[in-house]
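*Asks:* Residue numbers (our numbering), protein chains in the order written: chain A, 1129 to 1471; chain B, 1129 to 1471; chain C, 1129 to 1471.
Would you mind keeping the following structure in view while I ask a few things?
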Amino acid sequence: MEFKARDIASLLNGVVEGDPEAIVNDVSKIEEGKPRTLAFLSNPKYEHYLYTTGATIVLVNKDFVPAQPLSCTLIRVESAYESIAALLQMYEDMRYRPSGIEQPSFLHGEATIGETPYIGAFAYIGKGACLGKGVRIYPHVYVGENVRIGDNTVLYAGVKIYHDCVIGKNCTVHAGSVIGADGFGFAPSNGAYSKVPQIGNVVLEDGVEIGANTCIDRATMGSTVVRKGVKLDNLIQVGHNAVIGEHTVMAAQVGVAGTSKVGANCMIGGQAGIAGHIELGDGVKMAAQAGVGVDVAAGSIIMGAPAFDASKYQRSYVLFRKLPDLYGQIRELEKEIQTIKSK
Amino acid sequence: MEFKARDIASLLNGVVEGDPEAIVNDVSKIEEGKPRTLAFLSNPKYEHYLYTTGATIVLVNKDFVPAQPLSCTLIRVESAYESIAALLQMYEDMRYRPSGIEQPSFLHGEATIGETPYIGAFAYIGKGACLGKGVRIYPHVYVGENVRIGDNTVLYAGVKIYHDCVIGKNCTVHAGSVIGADGFGFAPSNGAYSKVPQIGNVVLEDGVEIGANTCIDRATMGSTVVRKGVKLDNLIQVGHNAVIGEHTVMAAQVGVAGTSKVGANCMIGGQAGIAGHIELGDGVKMAAQAGVGVDVAAGSIIMGAPAFDASKYQRSYVLFRKLPDLYGQIRELEKEIQTIKSK
Amino acid sequence: MEFKARDIASLLNGVVEGDPEAIVNDVSKIEEGKPRTLAFLSNPKYEHYLYTTGATIVLVNKDFVPAQPLSCTLIRVESAYESIAALLQMYEDMRYRPSGIEQPSFLHGEATIGETPYIGAFAYIGKGACLGKGVRIYPHVYVGENVRIGDNTVLYAGVKIYHDCVIGKNCTVHAGSVIGADGFGFAPSNGAYSKVPQIGNVVLEDGVEIGANTCIDRATMGSTVVRKGVKLDNLIQVGHNAVIGEHTVMAAQVGVAGTSKVGANCMIGGQAGIAGHIELGDGVKMAAQAGVGVDVAAGSIIMGAPAFDASKYQRSYVLFRKLPDLYGQIRELEKEIQTIKSK
Chain A
1129 MEFKARDIAS LLNGVVEGDP EAIVNDVSKI EEGKPRTLAF LSNPKYEHYL YTTGATIVLV
1189 NKDFVPAQPL SCTLIRVESA YESIAALLQM YEDMRYRPSG IEQPSFLHGE ATIGETPYIG
1249 AFAYIGKGAC LGKGVRIYPH VYVGENVRIG DNTVLYAGVK IYHDCVIGKN CTVHAGSVIG
1309 ADGFGFAPSN GAYSKVPQIG NVVLEDGVEI GANTCIDRAT MGSTVVRKGV KLDNLIQVGH
1369 NAVIGEHTVM AAQVGVAGTS KVGANCMIGG QAGIAGHIEL GDGVKMAAQA GVGVDVAAGS
1429 IIMGAPAFDA SKYQRSYVLF RKLPDLYGQI RELEKEIQTI KSK
Chain B
1129 MEFKARDIAS LLNGVVEGDP EAIVNDVSKI EEGKPRTLAF LSNPKYEHYL YTTGATIVLV
1189 NKDFVPAQPL SCTLIRVESA YESIAALLQM YEDMRYRPSG IEQPSFLHGE ATIGETPYIG
1249 AFAYIGKGAC LGKGVRIYPH VYVGENVRIG DNTVLYAGVK IYHDCVIGKN CTVHAGSVIG
1309 ADGFGFAPSN GAYSKVPQIG NVVLEDGVEI GANTCIDRAT MGSTVVRKGV KLDNLIQVGH
1369 NAVIGEHTVM AAQVGVAGTS KVGANCMIGG QAGIAGHIEL GDGVKMAAQA GVGVDVAAGS
1429 IIMGAPAFDA SKYQRSYVLF RKLPDLYGQI RELEKEIQTI KSK
Chain C
1129 MEFKARDIAS LLNGVVEGDP EAIVNDVSKI EEGKPRTLAF LSNPKYEHYL YTTGATIVLV
1189 NKDFVPAQPL SCTLIRVESA YESIAALLQM YEDMRYRPSG IEQPSFLHGE ATIGETPYIG
1249 AFAYIGKGAC LGKGVRIYPH VYVGENVRIG DNTVLYAGVK IYHDCVIGKN CTVHAGSVIG
1309 ADGFGFAPSN GAYSKVPQIG NVVLEDGVEI GANTCIDRAT MGSTVVRKGV KLDNLIQVGH
1369 NAVIGEHTVM AAQVGVAGTS KVGANCMIGG QAGIAGHIEL GDGVKMAAQA GVGVDVAAGS
1429 IIMGAPAFDA SKYQRSYVLF RKLPDLYGQI RELEKEIQTI KSK
């Protein structure tokens, strides 16, 4: 599909500077800018790319003043960043989406499907499952018995939801994620382990997004809960009975062990680990690969494994790198003292 | 389903203290205790919740003496913990389970299926595969050529078992796990890599439980072996030709590289890493996020990356946190010596 | 299938030393060597196994001189290692492979399939997808709209490829991997997060092999690129807009965050983490569990988290282990100085 600079400007309430007939058919980053694409400049750090970009049209902030001559056409808008986000959304909305119920799929006679669904081929909707309006279920999705799924939620290909779990409205779960597998509960018994049945469930509240191949285990009893607006990346582990607070974000490969509670608005870096039975307050920030085994006060910024205050960690780590020097200094001091003593 | 206190007491050989007609329809934790649920008190640490719990009935040990008045009904049993485990199992056993062979599914003409199976819709059973009695194969499971699966084993939705692998009796594999993908074997060849074919298999012995989205690679030659009673959590990696000893447990996101041997009755914490070609003795305990690249003696408790004795690690780590102080002390000593020397 | 020593020798252009009628029906490792199997000896470290191995036939290098009497039959070849690799490949090529298009499968009317495909039951090929010649698509694979797949590529069971992604020729993707899920892009907005649409794609160039349950996210705009000959192990995360250079290998559970660029011919150890927006030069080696948040020069060998030069890291770590001793030495020095001062 092609767009002229004049049409985009009109859509975004912007002003063209250059060729209003310039045509684009894709978007690109300003630093990679290919011909016939639209790029944007928001962060001043990237300004130098503007003068050499191959992009045909570039969105800039209203008050931007170029320091050099330009070969591209500009569109001046209120906020280049928000405008590009809006355009990406329009672009996304325009792309082809399958709809209706493809065959073969398996809809149990006692399942309920809301209006205007998409159910992909080979999707499985179990007994007693209840799907809201506008739900999109991609191929190879498994929805177990009595699962409830809220309006406009999207489950991508191969998502598996075990029995009795509850998924809110406007959630997105990416391919291969598993919601509601058994928590890791085994009781030692004569040198072996016997399984503790896991009869709870998982509850994802509204507006949650889960990445690909992430696992959220069902509770032993009660619920493992992922609160409103939480965003989890790929390959994350959330153990049984954990609670993840509202609007918390976690990068890929984080692990949250069983029965722990993570506060609201936390930011957890990739590959970080949170041990079981602890509590992180609201707004905690954990660095990538950090590991924590004790409660953490709200607002803390932590690093290391075991993790502590990030700026203190960094000071210690600088000296860890210098340990051979420190060791030499101690040796030197010992010699000096021997010299002094021998006098 | 509803139960009266008198019925539960009779089932558990217990004694009601309070209302024998009290009714529950679910179980809950004592600290979350909701009305019309059954909770239990085993750990004295939780006793204070008993006096305020909303649970209608609470199981307690026979000899428990309440310190305050109670609003719930008690059932006194020999062991509250074992009774609740028994009840959870009954509860689990009562829940709806699909059975029979759902359609469409793919059963190769040369596959063999034991008595009373469950084969979910869209399950694929390949040529020459052989399934024992009472096996439950959920939807979207792939069972490759010549795979053998023992009696009463359960493969949850979307499990993938590659050709020639052997799964024991009474095993459970959770959704999305992959058993028998190629080991990571490539031979350097002129600045690139050529693949070393992986012609071995994976053997899971009896009573093994594997979490969701875990990967156990096939051996280059011979077998990758997971011994009797092993319990692996979610998102774990087990490399080609590794051997995991009997009744060892591993928390989520652990990685075991190729050709390593982990002893029996080990406990490996979440996100720990075990390098290739090493051996861990029996009963080794590794802390979460620990990493080990050398052999580890039986019974060791290790921490850190590279890991060493956990109590020594903790002592070193305390001083790591104090490195800025130590650095200050060394600076101070240097000054003092200068002062002494200048006299 | 059975082979005589004389036939194998003839196949490999080798010379039999022992019984030319000796029969094998499998291959094994020399240290595990079972009767009726063929083993090989290449690394002199394993020579002692030769004298006790149960293997019936052993491949050795042409010039090998045994130090003790042997009970097995030898076949002398130019290179035992290359010969065994060649035999493994023949063995692999001989095994049963499904072919044709199994039913039920879902091929969109607007999809294109090349010659001699294998399409497993329950595979889903979306609208506008285009598959090359000799492609093998196992059961439960999902190929989204407009995906292009090159000749002779193999997608194992349950692989999910999102819309618009491009997979090269001679690639292998193992079970459960997800190519092209949304990048983790959210813009903070009034204490919550709003999604940034991810309209780019993933490009895997030719000869790439991806392990099981690995995730490679689509770009926000443009492409996440995995270059020619790259080998990624299981459970790896590659973030949006990352670029992985030619012939780089990564062990299991590595994480590469968004927009980072990894050079060619790098070797990244298991569970290592690469932060976002950084660049690793060609030939970088990262130790297992290392973590890096800054650019890394070509050819560097790094370790630790945050990572730095591996040999320096090891020196510091030796002293980290000795920190209690160092602390004692500092205490001792303080006492000595007090003693000196008091005189």
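Ideal Cβ positions, reconstructed from N, Cα and C, are used throughout, including at glycine.
On a Cα-Cα basis, can you pick out the residue from G1272(C), N1341(C), Q1442(C) and V1263(C) that is closest to T1281(C)?
*Replies:* For the residues G1272(C), N1341(C), Q1442(C) and V1263(C), the minimum Cα distance to T1281(C) belongs to V1263(C).
*Asks:* Step through the CB atoms of chain A and report whether any lies within less than 9 Å of the CB of P1452(B).
*Replies:* Closer than 9 Å to some Cβ of chain A, the Cβ of P1452(B) qualifies, so yes.
*Asks:* Looking at C-beta atoms only, is the number of pairs between the segment 1195 to 1207 of chain B and the segment 1377 to 1386 of chain A that lie closer than 8 Å three or more?
*Replies:* In short, these stretches do not touch, since the Cβ pair count stays below three.
*Asks:* Which one of G1421(B), A1416(B) and E1159(B) has the shortest CA to CA distance from V1420(A)?
*Replies:* Per the Cα distances, A1416(B).
*Asks:* Under three-state DSSP, which class holds T1467(A)?
*Replies:* T1467(A): helix per DSSP, three-state reduction.
*Asks:* Which same chain residues end up closer than 7 Å to G1182(C) when comparing Cβ atoms and leaving out the 5 residues on each side of it in sequence?
*Replies:* Contacts found: G1161, K1162 and P1163.
*Asks:* Any beta-carbon of chain B closer than 9 Å to the one on C1343(A)?
*Replies:* By this cut-off, C1343(A) is an interface position.
*Asks:* Are any of the Cβ atoms in chain C nearer than 9 Å to that of T1240(B)?
*Replies:* False, the Cβ-Cβ gap to chain C never drops below 9 Å.
*Asks:* Could you have a look at Q1365(B) and say whether DSSP puts it in helix, strand or coil?
*Replies:* Here Q1365(B) sits in strand by DSSP.
*Asks:* Note down, in chain order, each residue of its chain lying with its Cβ closer than 8 Å to the Cβ of F1436(C), except the 5 sequence neighbours on either side.
*Replies:* These residues qualify, in order along the chain: I1430.
*Asks:* For the segment 1323 to 1332 of chain B against the segment 1306 to 1314 of chain C, do three or more pairs of beta-carbon atoms, one drawn from each stretch, fall closer than 8 Å, so that the two count as touching?
*Replies:* Result no; under three Cβ-Cβ pairs closer than 8 Å.
*Asks:* CB E1238(A) to CB R1223(B), shorter than 9 Å?
*Replies:* No. Outside cutoff.
*Asks:* Of all the CB atoms in chain A, is at least one closer than 9 Å to the CB of H1375(B)?
*Replies:* Yes, H1375(B) lies at the interface with chain A (some Cβ there is under 9 Å from its Cβ).
*Asks:* Which residue wins for smallest C-alpha separation from T1376(C), given the options H1236(C), K1359(C), I1364(C) and L1363(C)?
*Replies:* T1376(C) has its Cα closest to that of K1359(C), out of H1236(C), K1359(C), I1364(C) and L1363(C).
*Asks:* Does the pairing of the segment 1340 to 1353 of chain A with the segment 1364 to 1376 of chain A give three or more beta-carbon distances under 8 Å?
*Replies:* The answer is yes - the segment 1364 to 1376 of chain A touches the segment 1340 to 1353 of chain A, with three or more Cβ pairs under 8 Å.
*Asks:* I think I1426(B) touches G1391(B), with their Cβ atoms under 8 Å apart; what is that distance to the nearest whole Å?
*Replies:* As written in the sequence, residue 1426(B) is Ala, which differs from the Ile given in the question. With 8 Å as the limit, A1426(B) and G1391(B) qualify as a contact, their Cβ atoms being about 6 Å apart.
*Asks:* Run through the DSSP bridge pairs and tell me what G1401(A) is partnered with.
*Replies:* G1401(A) pairs with G1383(A) and G1419(A).
*Asks:* I want to verify the contact list: residues of chain B whose CB lies under 8 Å from the CB of K1359(C), in sequence order.
*Replies:* Going along chain B in sequence order, the residues near K1359(C) (Cβ under 8 Å) are F1312, F1314 and Y1321.
*Asks:* Does DSSP classify K1255(B) as helix, strand or coil?
*Replies:* Coil, per DSSP.
*Asks:* Can you check which of these residues, S1439(C), K1190(C) and A1195(C), is closest to V1205(C) by C-alpha distance?
*Replies:* It is K1190(C).
*Asks:* In whole angstroms, what separates the C-alpha of F1234(C) from that of K1288(A)?
*Replies:* Between F1234(C) and K1288(A), the C-alpha separation is close to 20 Å.
*Asks:* Taking the beta strand (DSSP E) that Y1321(B) belongs to, which residues open and close that run?
*Replies:* Taken as a continuous stretch (DSSP letters only), the beta strand (DSSP E) holding Y1321(B) covers A1320 to K1323.
*Asks:* Classify Y1455(A): buried if its beta carbon has 16 or more other beta carbons within 10 angstroms, exposed otherwise.
*Replies:* The residue in question, Y1455(A), is buried, as its Cβ has 16 or more Cβ neighbours within 10 Å.
*Asks:* Which residues of chain B have a Cβ atom closer than 8 Å to the Cβ of Y1445(C), listed in chain order?
*Replies:* Per Cβ cutoff of 8 Å: P1434.
*Asks:* List, in chain order, every chain B residue whose beta-carbon is nearer than 9 Å to that of L1363(A).
*Replies:* By Cβ distance, chain B contributes N1341, L1363 and Q1381.
*Asks:* Answer yes or no: do E1333(B) and G1357(B) have a C-beta to C-beta separation smaller than 9 Å?
*Replies:* Their beta carbons are under 9 Å apart, which means E1333(B) touches G1357(B) by this criterion.
*Asks:* Report the partner residues of L1332(B) according to the DSSP bridge assignment.
*Replies:* Answer by DSSP bridge pairing, in chain order: I1295(B) and V1354(B).
*Asks:* For the segment 1391 to 1410 of chain C, list every residue whose C-beta sits within 8 Å of some C-beta in chain B, in sequence order.
*Replies:* Within the segment 1391 to 1410 of chain C, the qualifying residues are N1393, G1398 and Q1399.
*Asks:* Reducing DSSP to helix, strand and coil, say where M1414(C) ends up.
*Replies:* The answer is strand: DSSP assigns M1414(C) an E or B state.
*Asks:* How about A1213(C) and Y1290(B): are their beta carbons less than 9 Å apart?
*Replies:* No, the pair does not count as a contact, with Cβ atoms beyond the cut-off.
*Asks:* Using a Cβ-Cβ cutoff of less than 7 Å, which residues in the same chain neighbour Q1381(B) once the five nearest sequence positions on both sides are dropped?
*Replies:* Closer than 7 Å at Cβ, skipping near neighbours: L1363, I1364, G1398 and Q1399.
*Asks:* Taking 8 Å as the cut-off, does the CB of I1136(B) come closer than this to any heavy atom belonging to the ligand NAD?
*Replies:* Of ligands this structure carries none, so the ligand NAD is not represented either.
*Asks:* At a Cβ cut of 7 Å, what residues of the segment 1289 to 1305 of chain A count as close to chain C, listed as they run along the chain?
*Replies:* The segment 1289 to 1305 of chain A vs chain C, Cβ under 7 Å: H1302, A1303 and G1304.
*Asks:* How is V1275(B) classed by DSSP in three states: helix, strand or coil?
*Replies:* Three-state DSSP puts V1275(B) in coil, outside helix and strand.
*Asks:* Under 9 Å between the Cβ atoms of L1140(B) and L1216(B)?
*Replies:* Contact flag unset, no.
*Asks:* Give the DSSP bridge partners of T1376(B), in chain order.
*Replies:* According to DSSP, T1376(B) bridges with nothing at all.
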